[in-house]
Structure formats: C-alpha cells, structure tokens
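Chains as they are written, first to last, in this note's numbering: chain A, 1 to 55; chain B, 1001 to 1074; chain C, 2001 to 2122; chain D, 3001 to 3832. Structure first, then comments.
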C-alpha cells in the first residue's frame, strides 16, 4: 500500500476539511531557523518524499 | 606603457580604461590585459605608477580636497 | 523603404533571435569562435540577456550565410547573440581579455557575464 | 575592527571610534538582534546576487499553470485566478522570534521571479550564474520551458508590438533610459486614506464590491442601451477584485494556522507560545477586518505590500508608517497601555526588517542602478496633518530610534521637515545621520506641498498627505491623488542630451542614429547653435521616453492588470476599472533625470574655452572627444579646471543650469500624461551614474567613457565643488524648486569629527536653516570618514555593517562595486 501524507508526522489536517492539511517542517539554514508550511492532500502519495516520517 | 606587475608592454590605450581616480587630476585606473592587475596610470606621462589593491588610493583622499572643504563663499 | 518599415526591420533583428524558441543546447553552447569573444561585440546596455551590437556590421548583415553578407552602412548596428557562431565572419577579432566579473557594473565592450561565457573563459 | 575586539569596548569608546554598528548590536533587544542577523540580503553585490540566494521557481510555476488553465478569461480575472492559486499554495514560513509575517518567496533565501513582465528579463535569468536551485540542470530546463511559454506573451512583449518600432528600438538600446513601461515592474502608491484612515478590512471592501455588482446587475438586466455596455467588463473586474481579496484572507489564514500549529505542537517556551497565538489572532483579524492593535496595523500594511509584490515586481515602497499606524500605536502604548514602549520598539524594528528581507530577481541594469538593495523603499516620516498642523508623534521617534538599532539599508526614510518640527524630533533625525545611516533625507515640506499643487493640481489637503512615491517624488495617498503605476522607464540618461548635441544625434557607444540630426558640431560658430541643438536633443529624449511610458500606462490594464491593487483603491472599487486605468487619477508623473549636471558643466566648458576665450576650436574639441581624450590629457585638464563648474556659486555656469532647467520645464508643461497632466523633471541618480559610466561617451566637462558620472540630482561633480557648503547651497538655491521641476536631489558629505557632540548638532542645525531659507527641497548626508571606507574596502568582512548614502537610497558599503565605492569616497567632505 502506498504511503500517504496523512501518515506523516509533518502532516497537520485542517479542522474544516481533514482531507487537506499542511506539511509543516522545521528548517535551520545558515542564518535563521523557521517553520515552513505547504498545503498537501491527506491522501497524496508520499512514497518518494525524502522527509517522510511515520507518525 | 609597461605594467608594473607583469611587465606587459603596449601603447597606453591597449590597457583597459576603467575610470578616473579624480576628475581633476591626471591619474586614472587601467587594467592590464595580460595579468589583469588594476594600475594607477599617470595620463600626462603615459606611465603606470603602481598596482592598486583593495582599499588603496594612491591619489589621496576625497577628490580635490585633502581634509575639509573650507567655506569660502562670500 | 519608409521610416516605419526601416525600424521594423531593426526591431525584428533585435528581437527575433533572442526570443525565438531555442533548445537548452542552443542556449548552452558557446562556439570557440563566438561573437562574445570578439572586440567588435558590445553587450546591449539595456539587457544582459546575451544580445549585443556589432561595432562593424550594420542591420541587414548576415554572418551565418556562405558567403556572409556584410552591410557597412546604416542607422543601427547588427544585433547578435554572445554565443553566435562567428567563424565565418571576416571581422572577427579576438579579445585579449574577456571580463566575466559580474560584481562590477556595465562595460559593454569588455564584460560578458553570462553563465555560459564564464564557464568557457575559465 | 573585528567583532570580538569590539565587544570589549564600551559604548562610549565605540561612539568615539564611530563604530555605530557595534553600538546597535549592544543596544538592541535579543529579538531584534536575532531577526536582523537572520535576514538573507537580497540586494546584489555590485551586479551579482550573494552566495546562497536562489531564484524561487515555485511562484512562477504556480502562476503559469493557473494562468494557462484560465486562458479564456479577461485579463484582470485571469490574473486574479492565477495569483489566488499562488496565495493558496506557495510555501510560507515563520521565522523564530518573529511577530510579523509575510514574504513573497517560499523560503527566506529565495528571490521571486516576475516572469510575466518581459522576455528580456526571463532570458537574462536563464543566463545568470549560480542562482538556480539544485540540481541546476533540472532548473535550467524548467526555466527554458517557462521562458518558451511566456515568450511573446509578457507585458513588455505585447507593448513592443504596439510601440512605434523606432521608439522601441531606441528605448531598448539602453542608451537613453531604463526601466520597463509596464506595471509589471512599476511602483504603486497605496490608497492609505481608503484602507487605513477609512478603517476598512477586506470584508468591508467585499461588501462595497457586492453592492456595486448588485447595482450594475440591476442595469445589465434592465433597459438595453449603450450606457450599460461597459458594465459587462466591469462586472468581471469586480469579480476579480473580490476573488483576490478572498484569497488574501485565506493567505493570512494559512499563516494563522501555521502559527497555531507551531504553538500547539512544537513550541515549549510559554512566552513564545503566547506570541504565536497573538500572531495567529493577528492574521485572523487582518486583512479580513480593520486592525485593532498596533501589531495588527503593521501586519495589515505588510500583507498589502507583500501581495502587491506577488502581483507585480514593485520597485518602490511608498509608505508613511508614523502617520497611518499612529492611531493604533497611540491606543496600545499611550492610552490603553497594552504594550510597553520597548515592546512597540521590537515591532517597529521588525517591521523594518520584514521590508529589508524582501527581494525579487532584477535585471542587471536594475541591480547595478540600485546596488545593494532591491528597490527604493523610501518611507516617509514627519510632515503635517491635512489641517496643516505638525504630524510628528511618538511613533516618528520610535522609527528614528529603531532605524539606529536595526541599521537596515532598505527601507530608508525621507523626513518631511517644516518649521513646526520640534527640536526633539530634529535631534533624532540628526542622530540617524550622525550614525552614518545616510538617512533620513530631509525634504522641505511646505515647498513640496506647493510643488504638488503647482504641477499636478492636487488640492491643499490632499497634497499634505504626500509620501515618497519612489526616492524623491511626492505623491498623495488619496482617492484621486494616489498613483498606481509609476514606471521607471520615464528615466532619462540626460548626459546623452549634450553628447547627442555634439555628435549630430549619433550614439557612438550603441552605434545608432538616436536623436535628430541637429548639425555637425565642428561647424558651430557660436554657442547658441550648440544650445539650440541641445534643446532639440533634450526634447527628443523626453518625448521618446514619455511616449513609450504613456502608451504602456494606457495599455496596461489590457496587457497586464492589477486585480489586487485595484481591490485596495477606492476609485477602482467604485468604478470597476483597473487601478492602472488613467480614469479618476489626477496624474502625478515625472521624468527622472539621471546624469543631469554634466549638461551644465559641459555646456559651460564649451562656451568658455571655445566660444568666449577661443582657446580651442570646436574641431579640436570634437577630435579629443572622439579619441576619448586619449593623448589630450593637458587639454582635458583644462576643460576640468579651466572652466567654471556647478556648485561654486558662479553665475557663469549657474545661469546655464537655470537656462537648461527652464527649457525643460517649458517642455514638461507641453507633454501630457494619460491623465492629461504635466511631466516635470526630477534630477536624481540612484547608482545610475555608475551603470551609465561605460555607456556615456567622453564629455567636455573632462570625463572619459568609463568614468563615473556625477553622483546626481543637482549635486556638484565630486571634488569640483571647491568653494564650500554655502556656495553649494547658493548655487542650488538659484533653482526655483517649485516651478523648475518636481524635486532636486542634493548629496552632501560631512565630517564625522566636525559633527560630533552638541556643537556638531548646532552646526548642522544652522546649516539646515540656510538650506530652508534658500528654498531647497532636498538634501541628504554621508557622514562616514574616508579612513573607515578605505578600511572597509581592504577588509570587507570586518565592515559588513557600514552604510553609505548612494543617491536616493542607502546601501551597505560592502555591497556596492569598487567603482561605486570610489565614487562615493571622491565626494567632497564639506566643512560647515
């Protein structure tokens, strides 16, 4: 079975629509640290995602 | 003219003209096409006087003025 | 030819080659004898998109044909790309020094700051 | 001085040394220190972006996908849908310690690429070294693909097909002007009176739009007739405005969600959790509703600026933060005491930092002309209220203090001075200058209000709202006064006026017959023949640029379109027309005059040495100029030192300057903008004097092709103002700063040693009194010594934070090219 975004620790579903959510990640670059977010579908294929981490 | 850095010799106009050091003096900056050094050039004599490195200004301080401009207006 | 048509011809010369569809290979290849290595090439003062003027040839010239067409009179210089093949041009005059330092400001006669030129000169 | 060594020195010792940047580090809060150091500089170092800066392909890809999808929609609606798709999907981030959010790239080290503006820019981007995301090969393929899609489809490509081909070719030669005649790269004023003074949130505007739609539909579903025909297009525009406002609210909501996610799942520090919740509430309030707190007021402003920049590559940032954010500051800090002055200072400092980090991909001429920065973010402080009373307040002071703590080079301030400004405020202004920031520039408020009324007919109360539209030009922030599209391409390389007058209109640098054939200068027998040729070339240059810009402005709603900007403009919301449409705008155009003073100095040199003294013939002069003065050094020095130069209170050359300006002013009134108003000149330079150095040929003032041009506006040539500061002011005071043009930039360099202490302040204040008495509209100061600047050239790593005033903007000294650095050092240090 394919790995989906909703199984990942970085996935945070939207209250109003759990089928959609944000992929939230911590980034530390040479100047600053920050959290970034990108909208993703809960069921999106995450099998090729380099940062996938199972909940 | 002869490059003070690598010895390359050519007519002065063959050295790439960069810009004046100060418009009211006969010193310019040119670049040697061979070694690419930035050279201070006496344009009246047609001679390279020295290589100009970072932070170096062989022509002195602010153009025309060594120190403060005095208020001479009447 | 009327004024408008004359300048239309110049305009076409300035734009066509630059904006026409090109492959990545067309964009990346810099021939050993390219306009960008020539003393007669002057980078366009407005755009660093790789186009420039020829200081010798005027609009209507074509250095790609065999034999090349050399037009020496006119109101505007021929527009060429930095990586145009110039092996067939009798006016090609190789520069002693090609400046690829993009930290300094425009110097159309010496500066060639395109990534492709930088790779080629180094 | 190395950072480690500086840490051991006391603030007093550092002050003595003039090491203001280390003082800032010691004095600012930990939060501001972190946020200031967190910024990735987006300004180019000379012409190259700094290591680590990446072009962001996310926005261009998202935008293009959706723009292509909605290919049958009318321009504004199509762009609104594409932009909404970006707002819904682009990566967002919240920096540690941040209390304000919003950036137009998907990561802090990215620069946005406006790919629907001009194919020329897109092609340039393809050729750029080292700025593509890894792997480079894949990115290049993607860029090539995007370039192919937009080739012929960008705003400039479309305009180029409509322009007269001669105008198009000559403009794109790069010899006479820069910028691009489209709002894709324009500057837009913000209708602050509508949004902030009117206390409107986007939901309030949506309500107004709904009412307008309802009213229009009553008519389109009613009696047929020609009067209802324009409404069909306007209805679609209103749909577009509404759609984009809704997307903007969702965009803010994404930040709110992220802030809550961090607070609830990651953050362990209770204080930071509280801040994140407050940040989330802020983004849930604005832009949907009018702001209720000082933080929300700043956040609202920043969202508007950021979304405008996602819509177009805006090259300026007209704003008046101490005026429009004052009500919420006053409420939170003074009246309700919800936050302390220190907490407010953190917000003000961060507000400046958030603007400093903004940067988009600019073509080389823009990078070189604005070295070290990404656009002229000149924020306006001070001035008067609409009733003429002093508008300075505690927030004015807070901004002036914050500037010294965060020491950003962008934004900078332009301070509206007037006789009622208190000594307390003036001291803070002076402290910023003394700390070497190069800003605020000082603007003569009463005079510029008069100027706005004179040239563009703004009513007094509206003129009093003015902000810097870019570096220099005043523009009201009102319904009919605000300007949606000031295009930098109405920027003239004025040294070409005298160059073409001497060369029969031919340009030897770009190898083209540019201006009219005004005659062979070798045959001129008196000065008037040369001057007559100069007038013709001046008119030709101004006409060519203005024709191009006028057409660009007129066609912009069709070729580009600004749904979001329109949705924030009262007149656009009311009419359903694109904000860029000239309908409803009073008109506030100006032609920026780069490289202007060379004209007066060159004409004076020819008049004196050739026609009055007959020391040289025109043939000798033309031979020398054609040889770029090579082999004629003695003669060149004669033209520099033997002829009077502007800035020395010498009527010989000053009268010529005034004569030239009066000819320009006459022609300015003859040319009209699309709104029917005049096109006055505005001499200033940014670092265009360096960009044009190798594009302007040799001139009779003694410069060669390659030499930097003068630093701009009405500033005398570096080192050529030998009679001291009063003489400079007296020369500049001969200009009518109301009737001769829109504004006149004056750079002056002062000695840090002389300006030290109370004595220094009093000297400066006396100088400023003379400046005001003589009726000048602008002055700005550099106050960093030669010694420090040379040391910074030698050891840039140790002097990263030294700031200098270039012209119309400030930059970190290490971010400008060596030629520009030397040009700044060449400027005369005036003793006052």
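Quick reminder that beta carbons are idealized off the backbone N, C-alpha and C, glycines included.
Per DSSP, reduced to three states, the secondary structure at residue 2077 of chain C is strand. For secondary structure counted as the alpha helix (DSSP H) over 4 or more consecutive residues, the region 3586-3650 of chain D holds these complete runs in sequence order: 3597-3606, 3618-3626 and 3633-3641. Minimum Cα-Cα distance from residue 3298 of chain D among the listed residues D:3332, D:3265 and D:3310 corresponds to D:3332. Taking a Cβ-Cβ cut-off of 8 Å, the neighbours of residue 3178 of chain D in chain C comprise 2046, given in sequence order.
Residue environment for residue 3534 of chain D: buried (at least 16 other C-beta atoms within 10 angstroms of its C-beta).
Looking only at B:1059, B:1045, B:1037 and B:1056, the smallest Cα-Cα distance to residue 3633 of chain D is reached by B:1045. Flagged as an interface residue toward chain D: residue 1043 of chain B, by a C-beta distance shorter than 8 Å. Residue 3289 of chain D and residue 2034 of chain C have their C-alpha atoms roughly 60 Å apart. With respect to the 8 Å criterion, residue 3598 of chain D and residue 3701 of chain D are classified as neighbours on the basis of their beta carbons. Excluding five sequence positions before and after residue 3275 of chain D, the CB atoms of its chain that fall closer than 7 Å to its own CB belong to 3099, given in chain order.
Neighbours of residue 3372 of chain D across chain A, judged by C-beta separation under 7 Å, do not exist; the nearest C-beta is about 18 Å away. Straight-line spacing of the CA atoms in residue 3210 of chain D and residue 3820 of chain D works out to 53 Å. Secondary structure of residue 3327 of chain D (DSSP, three-state): helix.
Collapsing the DSSP output to three states places residue 3433 of chain D in a helix.
Between the alpha carbons of residue 3493 of chain D and residue 3714 of chain D lies a gap of roughly 14 Å. Distance from the CA atom of residue 3462 of chain D to the CA atom of residue 3310 of chain D, rounded to whole angstroms, is 29 Å. With fewer than 16 neighbouring CB atoms inside 10 Å of its own CB, residue 33 of chain A falls in the exposed class. Judged by DSSP in its simplified three-state form, residue 3500 of chain D adopts helix. In the three-state reduction of the DSSP assignment, residue 3451 of chain D falls in the helix class. In this structure, DSSP gives residue 49 of chain A a state outside helix and strand, which the three-state scheme calls coil.
With contacts defined as CB atoms closer than 8 Å, residue 3726 of chain D and residue 3455 of chain D fail to qualify as a contacting pair. For residue 1035 of chain B, the CB contacts under 8 Å within the same chain, skipping 5 residues up- and downstream, are 1003, 1005, 1006 and 1008 in chain order. Annotated three-state conformation of residue 3474 of chain D is strand, per DSSP. In this structure, the straight-line span from the alpha carbon of residue 3686 of chain D to that of residue 3521 of chain D is close to 31 Å. DSSP places residue 3202 of chain D in the helix class (H, G or I) of the three-state scheme. Within chain B, no residue has its CB atom less than 9 Å from the CB of residue 2053 of chain C, the nearest being about 19 Å off. Residue 2011 of chain C counts as buried, since no fewer than 16 other beta carbons sit within 10 angstroms of its beta carbon. DSSP, read as helix, strand or coil, puts residue 3792 of chain D in helix. Residue 3650 of chain D and residue 3585 of chain D have their C-alpha atoms some 42 Å from each other. Shown in chain order are the members of the region 1014-1033 of chain B whose Cβ falls below 9 Å from a Cβ of chain C: 1014, 1016, 1018, 1031, 1032 and 1033.
Comparing alpha carbon positions, the residue from D:3118, D:3358 and D:3014 closest to residue 2047 of chain C is D:3118. In the DSSP assignment, residue 3073 of chain D falls outside any beta strand (DSSP E), carrying neither H nor E. Between the alpha carbons of residue 3169 of chain D and residue 2007 of chain C lies a gap of roughly 7 Å.
Look at residue 18 of chain A: its C-beta is not under 8 Å from any C-beta on chain D. Of all residues in the region 2104-2119 of chain C, the ones placed with a Cβ closer than 8 Å to any Cβ belonging to chain D are 2104, 2105, 2106, 2107, 2108, 2109, 2113, 2114, 2115, 2116 and 2118, in chain order. One Cα belongs to residue 3646 of chain D, the other to residue 2063 of chain C, and the distance between them is close to 48 Å.
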